[in-house]
Every structure is written in structure tokens, then in C-alpha cells.
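Read in order, the letters of the sequence shown are residues 0 to 335 in numbering that gives the first Met the number 0.
Just so it is clear, CB atoms sit at the ideal spot from N, CA and C, and this is done for glycine as well.
Here the structure comes first, spelled out in C-alpha cells, and everything after it is commentary.
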Amino acid sequence: MRVFAYVLTIVLTTTLTLAGALIAILELRRAPTGLFVGVSASIPLLVAGPVLIGSLAAYWDRRSSPASTVLLRRWFLGVVAVDVIALVVVILASASAHAPVWVPAVFVLGAAVLLAIAQPLGARIRRLEPPMPDHPGIEVFDQRTVRKKVVAIVATFVISVVVVSVGLAVLAVFTTRSSAGGLLQEASAAGQLVFTATAFAVLIVALPLNTALRDIAGRDLGRLRRFNKVVFARTPHRLEPGEEQAAVRFAVCAPVQQGFVVAYTILLYVGVGFQMVSEAFRGTMGVFPEVFLGLMVVTLLWFVPLTVRRMRRATAYAQQHAAVLDHPTTGCTTAS
């Protein structure tokens, strides 16, 4: 169920983002360049915000602790604030481009609907999950299992390359398009398929570890925040009684999970990047592909080094507090 929800979320997110971009290209391209660039940046935020709210609701129960309630409320209000700013940009661009009234109405109504259904839908998915195990975090990845997952990811990449290469060869035989632009668009589409398929493989094999980390934190977002402060940020923070051992288990498992997160993010962004390159050469989406590519590059340059530092800090914390664990299998070492 969770795998299906992940895949469906990614498909819907991509579809809605591209649909919004298409509306902007057709109706808002006469807006000033600055406003059009702002719209290009706002459209992904209008989709990603509700997706984030739904994902948080699917993973965390706001009733688990007062801290969870406060944190989830803050996230929701933050997303609402970002959406309001993005919609103001869309409305200003619509007025400048003399667009039909339905253009800003579609964005406003769509954002409202997505925000309205995000939390209930996420909570519904969470309630379909099995209860938390008695010993959370024990049945997770050992080294052999991690190697199997990596092999599965590599196999997905290789198979995708083979399938796409055969498809390109067949296309070259039965078509007469040989222009540089046509070949580049076909190669971009092939790259998108290969890297997107591999990103999905990473997402699927990483789900058990994501669930294990959440269970280590007792499915309590407030407790997870305390673990993040202690393990990742290394800031002085008082853990509640009985949380020391769980924090060390979290630190042992987190670098493995974070490695999969980095791999998934890079592969997904490369796949989307191929798509944007193809759209840029078609020239049908204005400056949107270039703006989107720039945003992705900036995001990766911020996200990857930050995550690597977090992984190193977690490893150091686990080594410094290894004596807290009862025995080695209390950590992220037992096969799932």
C-alpha cells in the first residue's frame, strides 16, 4: 500500500506540475519576465506543499504527543503561507498578461483543494498500516541486505539502459529523423526513463528502513525532532528518560537511510533534468525549463553536502555512545 501511494504521489505531482506549467506557458507568457519566472518557481511549490502535508500526515500521528501536534501545525501553517505568496505571484502575472479570469481561479481552487484533502488522505493511509512492532528498529538492514538492495538498484539501471537502447535502435531504423535536435530530444527522453526508473527502485528498496527509523522514534514526530537535534545537529538537548538507547539506534541506522535518500534525490533530479533539457530544445515552454533546471541544481548543491554532514555526525554519535546499546543487534544490523 505504501509503495503504491509513493508511486501514485510522484505521478500525480509530476502531472499537476506539468499541467500548471502548460497553463502558464499558454496564458501567462506575456507577463513581464520577472513575474513569469516567479510563476515558474511558484507552480512546483503549489503542488509540493500539499504533498508534504499529506506525507507528514501519512507518517506521523499528531495525537502521539503535544510536540507532534505543534510541529505538524507549524508545517501546515508554513505551507499555507508559501501557497498564499505563490498565488499572489500568479494573480499578479495573470493581471499583467491580461489572462482570462479562469487562469488564476484554477490555481487558487486547485491549491485550496490540494490543501483540503492532503491531511485527511494522509491520515487515512497511516491508519491502514500494521501496528508498531514490540522491538522497533531491530528488523532492519544488515550489510548483506543492503548489498542486495544496491544490486537491485544497479540491475534496474542496467536493464533500463538495455531496454531504452533497444528502443532507440528500433526507432532509428524505422524513422528518418536524423537532425541533431531530434536525436538530442530522443536521448533526453531515454535518459529520463532510465534515471526515473532507477530512482523508483531506490525509493522502493528504502521503504523498510524509512519505516524502521520512524518506529525507532515511536512514530512520534516530537521524539524524532529531539533525535535529529541530538544526532544530526549535535546541539545540547535533553532527551526524555528511556530515549538514550533509541537515539543511539537511530544514529546507527540513519546514515544508511540517508544514503538512499541522497541516491534517490540525485537520480530523480537527473531524470527530471533530462526532461527539462528536452523541453528547452523544443522551445514550447518558454524559460520554464531553464528556471526549473537552475532551481534543481541549487537544491542539489545545498541538499547533498548537508546530508553528507548529517551522516557523518550520526556515525560519530553512534560510535561515541555505543556502550548504551545492550548488544550489537539492537542497532541497524539484523536482516529484515
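- Here Leu86 has Ser41, Leu45, Pro103, Phe106, Val107, Ala110 as same chain residues with Cβ atoms under 8 Å from its own Cβ, once five neighbours each way along the sequence are excluded.
- Take the alpha-carbon of Phe156 and the one of Gly190: they are about 11 Å apart.
- Leu114 and Ile52 do touch by the CB rule: their CB atoms are close to 7 Å apart, below 8 Å.
- Judged by DSSP in its simplified three-state form, Met131 adopts coil rather than helix or strand.
- A distance below 7 Å between beta-carbons, with the five flanking residues on each side excluded, links Gln256 to the following residues of its chain, in chain order: Ala205, Leu208, Asn209, Leu212.
- Counting only runs of 4+ residues, the alpha helix (DSSP H) found wholly inside the stretch 88-165 occupies 101-126, in chain order.
- CA-CA distance, Gly217 to Ala56, rounds to 15 Å.
- In this structure, Ala317 sits near Ala250, with a CB-CB distance shorter than 8 Å.
- In the structure shown, the three-state DSSP call for Asp82 is helix.
- Here Ala20 is buried. Its C-beta has 16 or more other C-beta atoms within 10 Å.
- By the Cβ neighbour-count rule, Ala80 is exposed, with fewer than 16 other Cβ atoms within 10 Å of its own.
- Judged by pairs of C-beta atoms under 8 Å, the stretch 56-76 does not touch the stretch 88-99, as fewer than three such pairs exist.
- Around the beta-carbon of Met131, fewer than 16 other beta-carbon atoms lie within 10 Å, marking it exposed.
- About 18 Å separates the Cβ atoms of Thr12 and Val38, ruling out a contact at the 8 Å cut-off.
- Considering only Ala4, Ala245, Ala23, Gly258, the residue with the shortest C-alpha distance to Phe287 is Ala23.
- Here the alpha carbons of Gly270 and Tyr263 stand approximately 11 Å from one another.
- In the DSSP assignment, Gly285 falls outside any alpha helix (DSSP H) and carries neither an H nor an E.
- The closest CA to that of Gln118, considering only Arg61, Pro65, Gly272, is found on Arg61.
- Runs of beta strand (DSSP E) with 3 or more residues, each lying fully within the stretch 236-270, are absent.
- One Cα belongs to Thr197, the other to Ser164, and the distance between them is close to 15 Å.
- The three-state reading of DSSP puts Leu324 in coil, since its state is none of H, G, I, E or B.
- Counting the other CB atoms within 10 Å of its CB gives Val153 a total below 16, which places it among the exposed residues.
- Classified as exposed, Trp101 has fewer than 16 neighbouring CB atoms from the shown chains inside 10 Å of its CB.
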